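1420 is the number of the first residue of the sequence shown in this note's numbering; add one for each residue after it.
Notes for the one structure printed next.
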Amino acid sequence: MVRIGVIGGSGLYELEGLRDVREVRVETPFGAPSDALVVGRLAIADDGEEVELVFLPRHGRGHRLTPTEVPYRANLWALKSLGCSWVISVSAVGSLREQIVPGHVVLVDQFIDRTRQRASTFFGNGVVAHISFGDPVCAALHGALVEA
């Protein structure tokens, strides 16, 4: 069974429809994640097919972390340590296109990361790696989401 991580942004603090729910606290080399991770199963088809989801509210429950306080590396490490092979991040953002209005769902395939004021790598301290950002979105996951 596929295990998918879901990071909820502003306004998404829990997932409805999860079964067999349990909370897991994970410690990482980067400190604690934003909150406890919620693990459960979600039916994705009428025939009873399910996926395992691991949900994490980016800003913590109660929206207590500002964007610069969110422990991004700890969040991703925790999801990976729980076996997530894909991560879907849900965010409330603006648009420069008038035809995209609040409430629309948009699936990106490219983006410009202008994030500042936080560590931007898992590497360092004697470990050097070069990661391509040419295709920042998983094509297989993007395709599955478009089909859904």
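We put the CB at the ideal spot given by N, CA and C, even for glycine.
If you're wondering where the values come from, they're calculated on a predicted model, not measured in any experiment.
Put simply, the backbone Cα of A1538 is about 31 Å away from that of I1519.
If you draw a 10 Å sphere on the C-beta of A1497, you find 16 or more other C-beta atoms in it, and that means buried.
Comparing C-alpha distances from G1450 to each of N1494, H1561, W1505, F1542 shows the shortest one belongs to N1494. Cβ contact annotation for P1452 (same chain, cutoff 7 Å, sequence separation greater than five): V1445, L1475, P1490, A1493, N1494, A1497, in chain order.
In the structure shown, S1508 falls within a strand segment according to DSSP collapsed to helix, strand and coil. Of all alpha-carbon atoms in G1459, F1552, G1430, G1436, the one lying nearest the alpha-carbon of G1502 is that of G1459. Taking a cut-off of 8 Å on C-beta distances, the stretch 1472 to 1488 touches the stretch 1424 to 1443, as three or more cross pairs fall below it. In the structure shown, the three-state DSSP call for A1538 is coil.
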